[in-house]
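Asks:
2 protein chains.
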Amino acid sequence: MTKIKNMEEFAALSGISRPTVSKYFHDPDSVRPTTRARIEEALEQFDYRPNIYAVNQNRKLTKNIGIVVPYLADPFFAEIARYLEQSCIAAGYRPFLFSSHGEQKLENEILDGLQSLKPAGVLLAPLGRISDKSAIEKFCASVPTVLFDSNLDGLGAAFIGSDNFSFVSQTVEYMTRTGEPPSFFEMRTPANPNANKRRKAYVDVMDRLGFEPHVIKIEGTGWAFEEIGRKGALKALDERKLRTDSVLCSNDRLAIGFLAACFEQGIRVGRKDDCTLRVASNDDHPFAKFTCPSLTTAAHDYDNVAARSVETLFELIENGGKFESRTETLFPARLVLRESA
Amino acid sequence: MTKIKNMEEFAALSGISRPTVSKYFHDPDSVRPTTRARIEEALEQFDYRPNIYAVNQNRKLTKNIGIVVPYLADPFFAEIARYLEQSCIAAGYRPFLFSSHGEQKLENEILDGLQSLKPAGVLLAPLGRISDKSAIEKFCASVPTVLFDSNLDGLGAAFIGSDNFSFVSQTVEYMTRTGEPPSFFEMRTPANPNANKRRKAYVDVMDRLGFEPHVIKIEGTGWAFEEIGRKGALKALDERKLRTDSVLCSNDRLAIGFLAACFEQGIRVGRKDDCTLRVASNDDHPFAKFTCPSLTTAAHDYDNVAARSVETLFELIENGGKFESRTETLFPARLVLRESA
DNA sequence: ATCTAAAATTAACGCGCGTAAAGTTTTTAT
DNA sequence: ATAAAAACTTTACGCGCGTTAATTTTAGAT
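Those protein sequences? They're chains A and E, same order as listed. Note that my numbering has the first sequence beginning at -6, numbered continuously upward. Note that my numbering has the second sequence beginning at -6, numbered continuously upward.
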């Protein structure tokens, strides 16, 4: 097994000229089947691969794709990232995954570093409220970018996410139909723009159903939602803030904290006879199945959001990085009935 | 704001020769303070950055560092990855994060792709049992690699992880001291080598304390530990496999499933009077605080494992990629008492 | 066997930067 | 002030590959 230094050498060993070999690596189907066979034969024998730095220096467009999520320690984003990664690989691209870890500074640094990677495109789930909009706008101007999960008005070539109204209307209607209308439990200053849309949807749906909306806003900042939810729930329970026996949490991570607080307080949650409270939520977090009781929630259409995001990005890339107009695609939720409501 | 094309152009605009500018980017302290100032002044004015592809093509060693974890949807690894990333950045390196998603094929592909990135070093938490040892060995031969979390005998230049004996001895001793000796709850064919060490430690400690070890092995493969734990627990409870009122789970994700199963069955877990079962575990998963009841567990020394891992890798890099001998560093656990035991 | 379109070869340039050598200027020490 | 050391400038080559233009070979059809 000789060590190959460069394409010149490999071309010589395979008996094919370098430009043809170069062409092969760009697109194996662009060469004659016989020469392709000869190259691939040599490839197995000598284990050569083009120097990606030399390749990317000379190609106008790299095969790199950046994937940026706001908080990777949230398994929801880890799952989505997994799907996005695999779709990129399947399409012959090279995904690079980054997490902003909830910090604006880091999000900016990631976008900064991403620029020098000269990616063909970027899939960005921004931090949301605390994102540096102007920095993101500048970034999007120079790199084809598709936003997902969190929409920022007008930024990126397209947005793909979930239809928050569909989430909340389904959970509210279900709870109302099978019991009492829920209060809405959320952070006072949510990081994610979806939270605001969910609150609005809650108020709308309650109005429409003829009930008075009741929003419980809890304190806390950052991304430790479970702890924030737990503390907020303890306080709300202590102060008897709930107007009915039903609560709808803005998202599952808050609900996880809420359920932990209920358990601590000996409050039985669920629809069984001995239960005094029903808790539902939104997202269908990977752990929602393992809360006690298991969490009734509105599930993201993970697969479609992820699939459409990469699809859209590929279209964008093939379109030269620009769309005629910015599109927003929203996928509806699927209600997942479990034990908590 | 003119658009700069290359270093030549930037050098001209800053009034400094290109080789000096190049030197500056390699190490800002290697040029005279006055010239450094002039360069940085121009830098603010013109926003130029070297083309990383051209840079990396010519430098013997890149500033890239690969971070590979077995399963990023596990918040434990997400948290560790976060720390590793930040340490790399602080040291002037460029971390690239990859997850094997529990698949050998993917782990191999990641290492494969990593080679062409020509990283200065790699931090690798391998899949464990299902890792392709020969592939990893080959990789380590050509890239300076430090293993963490999961040890594979003899692979990598060093290993940094947790002392499984310390984990299990603390939990077993605690449970025994304050109640009955625990059974050990684990997967029959665990993916992670730590699991085997924990079982051995359990048997050892039980023997030493004069109790008969009792290991409950449950079925299931893959990385959906919570569901495996839940199903296994339902079966074990149904078949009355437990010899005492105490269970020690091999890891927290299994324990999360175990607790969910107990809740479903109406079994009260904890140390209160009305409880009939105590459950403890190992890892201190980020969600362990929010299980019902909250989980008593032995915590990894996250910070030290992560810090020592990057430290070791940097030493390795400065050492030219080779150590005299392979070292294994283990950090002890810290017992975290919560409500479940 | 002959023609033609497709594919491969040869030759050569450029990408942006690292880096080395030789000469010049600036700084530091005496 | 002077010498030595340090830093900078100029010049030039090389890295590995993309890409183009001109030429030759090959394949499929008549």
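Glycine included, C-beta positions come from ideal geometry on N, C-alpha and C.
Tell me which same chain residues have a C-beta within less than 6 Å of the C-beta of A:Val240, skipping the five on either side of it?
Replies: Looking up residue 240 of chain A in the first sequence gives position 247. The answer, listed in chain order, is Pro175, Ser176, Phe178 and Val272.
Asks: Just mark A:Ala134 as buried or exposed, buried being the case when its beta carbon has 16 or more other beta carbons within 10 Å.
Replies: Locating residue 134 of chain A in the first sequence gives position 141, where the first residue counts as 1. Exposed is the call here.
Asks: Is it buried or exposed, E:Glu205, if we count other Cβ atoms within 10 angstroms and call 16 or more buried?
Replies: Taking the second sequence and counting its residues from 1, the one referred to as residue 205 of chain E is at position 212. Burial call: exposed.
Asks: What residues in the segment 48 to 63 of chain A have a beta carbon less than 7 Å from any beta carbon of chain E?
Replies: Residues Asn49 and Gln50.
Asks: Between which two residues does the beta strand (DSSP E) holding A:Lys210 run?
Replies: Taking the first residue of the first sequence as position 1, residue 210 of chain A is located at position 217. Unbroken beta strand (DSSP E) run through A:Lys210: Val208 to Ile211.
Asks: Measuring straight from C-alpha to C-alpha, what distance separates A:Gly8 and A:Pro26?
Replies: What you label residue 8 of chain A is simply residue 15 of the first sequence in a count that begins at 1. What you label residue 26 of chain A is simply residue 33 of the first sequence in a count that begins at 1. Approximately 15 Å, taken between the alpha carbons.
Asks: From A:Val329 to E:Glu308, what distance separates their C-alpha atoms?
Replies: Stepping through the first sequence from its first residue, residue 329 of chain A is reached at position 336. Stepping through the second sequence from its first residue, residue 308 of chain E is reached at position 315. Near 51 Å, if we compare the C-alpha coordinates of E:Glu308 and A:Val329.
Asks: In the segment 265 to 328 of chain A, which residue ranges form an unbroken beta strand (DSSP E) of at least 3 residues, counting only runs that do not cross its ends?
Replies: Qualifying beta strand (DSSP E) stretches, in chain order: 271 to 276, 289 to 292 and 320 to 324.
Asks: Ignore the nearest five residues each way along the sequence and tell me which others in A:Leu99's own chain have a CB closer than 7 Å to its CB.
Replies: Indexing the first sequence from 1 puts residue 99 of chain A at position 106. Excluding residues within five positions, the ones whose Cβ falls inside 7 Å are Ser93.
Asks: Hey, quick one: how far does the beta strand (DSSP E) through A:Leu241 stretch, first residue to last?
Replies: Taking the first sequence and counting its residues from 1, the one referred to as residue 241 of chain A is at position 248. Element bounds for A:Leu241: Ser239 to Cys242.
Asks: Compute the distance between the beta-carbons of A:Glu291 and A:Ser159, then report whether it is under 9 Å.
Replies: Within the first sequence, numbered from 1, the residue matching residue 291 of chain A stands at position 298. Within the first sequence, numbered from 1, the residue matching residue 159 of chain A stands at position 166. It is Ala, not Glu, that sits at residue 291 of chain A in the sequence shown. Against a cut-off of 9 Å, the Cβ pair of A:Ser159 and A:Ala291 comes out as a contact.
Asks: Let me know if E:His19 comes out buried or exposed under the rule of 16 or more other beta-carbons within 10 Å of its beta-carbon.
Replies: Here residue 19 of chain E refers to the residue found at position 26 when the second sequence is read from its first residue. Counting Cβ neighbours within 10 Å, E:His19 comes out exposed, since fewer than 16 surround it.
Asks: What does the alpha-carbon distance come out to for the pair E:Phe316 and E:Leu110?
Replies: Counting from 1 along the second sequence, the entry for residue 316 of chain E is found at position 323. Counting from 1 along the second sequence, the entry for residue 110 of chain E is found at position 117. Their backbone Cα atoms lie some 22 Å apart in a straight line.
Asks: In three-state terms, what does DSSP make of E:Thr138?
Replies: Here residue 138 of chain E refers to the residue found at position 145 of the second sequence. Three-state DSSP puts E:Thr138 in a strand.
Asks: A:Ala184 and A:Gly121 look like a contact to me (Cβ under 8 Å); what is the Cβ gap, rounded to whole Å?
Replies: Along the first sequence, read from residue 1 onward, the residue named residue 184 of chain A stands at position 191. Along the first sequence, read from residue 1 onward, the residue named residue 121 of chain A stands at position 128. With a Cβ gap of about 5 Å, A:Ala184 and A:Gly121 count as contacting.
Asks: What residues match up with A:Arg87 in a beta bridge as DSSP calls it?
Replies: Numbered from its first residue, the first sequence carries residue 87 of chain A at position 94. In DSSP, A:Arg87 forms a bridge with A:Asn57.
Asks: Report the neighbours of E:His94 on chain A: residues whose CB is nearer than 7 Å to its CB, in chain order.
Replies: Residue 94 of chain E sits at position 101 when you count from the first residue of the second sequence. Within chain A, the residues near E:His94 are Arg75.
Asks: Quick test of your reading: A:Arg246 and A:Glu219, contact by CB under 8 Å. State the CB separation rounded to the nearest angstrom.
Replies: As a working mapping, residue 246 of chain A is identified with position 253 in the first sequence. As a working mapping, residue 219 of chain A is identified with position 226 in the first sequence. About 5 Å separates the two Cβ atoms, so the contact holds.
Asks: Report the neighbours of A:Glu130 on chain E: residues whose CB is nearer than 8 Å to its CB, in chain order.
Replies: For the purposes of this step, residue 130 of chain A is taken as residue 137 along the first sequence, with counting starting at 1. Neighbours of A:Glu130 on chain E: none; closest Cβ ~16 Å, over 8 Å.
Asks: Ends of the alpha helix (DSSP H) at E:Leu117?
Replies: The sequence position of residue 117 of chain E within the second sequence is 124, counting from 1. Segment Gly114 to Leu117 is the beta strand (DSSP E) holding E:Leu117; no alpha helix (DSSP H) there.
Asks: Going straight from the alpha carbon of E:Glu1 to that of E:Arg52, what length do you get?
Replies: Your numbering for residue 1 of chain E matches position 8 in the second sequence. Your numbering for residue 52 of chain E matches position 59 in the second sequence. Each residue's alpha carbon lies about 18 Å from the other.
Asks: Hey, E:Leu288 and E:Leu252: beta-carbon distance below 9 Å or not?
Replies: Working through the second sequence from its first residue, we reach residue 288 of chain E at position 295. Working through the second sequence from its first residue, we reach residue 252 of chain E at position 259. In contact: E:Leu288 and E:Leu252 (Cβ atoms closer than 9 Å).
Asks: Around the C-beta of A:Pro335, are 16 or more other C-beta atoms found within 10 angstroms, so that it is buried, or is it exposed?
Replies: Shown here, chain A extends from -6 to 334; a query on residue 335 of chain A therefore has no answer.
Asks: Could you tell me the distance, in whole angstroms, from the CA atom of A:Ala150 to the CA atom of E:Lys56?
Replies: Numbered from its first residue, the first sequence carries residue 150 of chain A at position 157. Numbered from its first residue, the second sequence carries residue 56 of chain E at position 63. Roughly 32 Å separates the two Cα atoms.
Asks: Can you give the beta carbon distance from A:Asp296 to A:Tyr41, rounded, assuming they're within the 8 Å contact cut?
Replies: Translated into the one-based positions of the first sequence, residue 296 of chain A becomes position 303. Translated into the one-based positions of the first sequence, residue 41 of chain A becomes position 48. That pair is no contact at about 37 Å.
Asks: Taking only beta-carbon atoms, is E:Ile249 less than 9 Å away from chain A?
Replies: One-based indexing of the second sequence puts residue 249 of chain E at position 256. It does: the Cβ of E:Ile249 has a partner Cβ on chain A nearer than 9 Å.
Asks: How is A:Ile260 classed by DSSP in three states: helix, strand or coil?
Replies: Numbered from 1 along the first sequence, position 267 holds the residue referred to as residue 260 of chain A. Here A:Ile260 sits in coil by DSSP.
Asks: Indicate whether at least one CB of chain A lies closer than 9 Å to the CB of E:Pro112.
Replies: Here residue 112 of chain E refers to the residue found at position 119 of the second sequence. Taking Cβ atoms only, chain A never reaches closer than 9 Å to E:Pro112, which makes this a no.
Asks: Measure the alpha-carbon distance for E:Val165 versus A:Ile123 and round it to whole angstroms.
Replies: Looking up residue 165 of chain E in the second sequence gives position 172. Looking up residue 123 of chain A in the first sequence gives position 130. So the two alpha carbons sit approximately 45 Å from each other.
Asks: On the DSSP letters alone, give me the boundaries of the beta strand (DSSP E) that A:Gly154 sits inside.
Replies: Position 161 of the first sequence, counted from the start, is the residue given in the question as residue 154 of chain A. Where A:Gly154 is concerned, the enclosing beta strand (DSSP E) stretches over Ala151 to Ser155.
Asks: Specify, as a first and last residue, the run of the alpha helix (DSSP H) that E:Ser7 falls within.
Replies: Counted from its first residue, the second sequence places residue 7 of chain E at position 14. Counting along the chain, the alpha helix (DSSP H) containing E:Ser7 begins and ends at Met0 to Ser7.
Asks: Measure the CB-CB distance between E:Cys285 and A:Cys268 and report whether it falls below 9 Å.
Replies: Along the second sequence, one-based indexing puts residue 285 of chain E at 292. Along the first sequence, one-based indexing puts residue 268 of chain A at 275. It is not a contact, given that the beta carbons lie outside the stated cut-off.
Asks: Sorted by chain position, which residues of the same chain lie with C-beta nearer than 6 Å to E:Pro88's C-beta, five sequence neighbours on each side aside?
Replies: Position 95 of the second sequence holds residue 88 of chain E. Same-chain partners within the cutoff: Ile58, Ile60, Glu78 and Cys81.
Asks: With a threshold of 9 Å between beta-carbons, can E:Ile32 be considered close to chain A, or not?
Replies: Position 39 of the second sequence, counted from the first residue, corresponds to residue 32 of chain E. No, its Cβ sits nowhere closer than 9 Å to a Cβ of chain A.
Asks: The segment 179 to 208 of chain E: which residues have C-beta closer than 9 Å to a C-beta of chain A, in chain order?
Replies: Flagged: no residues at all.
Asks: Which residues in the same chain as A:Gly95 place their Cβ atom closer than 6 Å to its Cβ, once the five residues preceding and following it in sequence are excluded?
Replies: Taking the first sequence and counting its residues from 1, the one referred to as residue 95 of chain A is at position 102. Tyr64 and Trp216.
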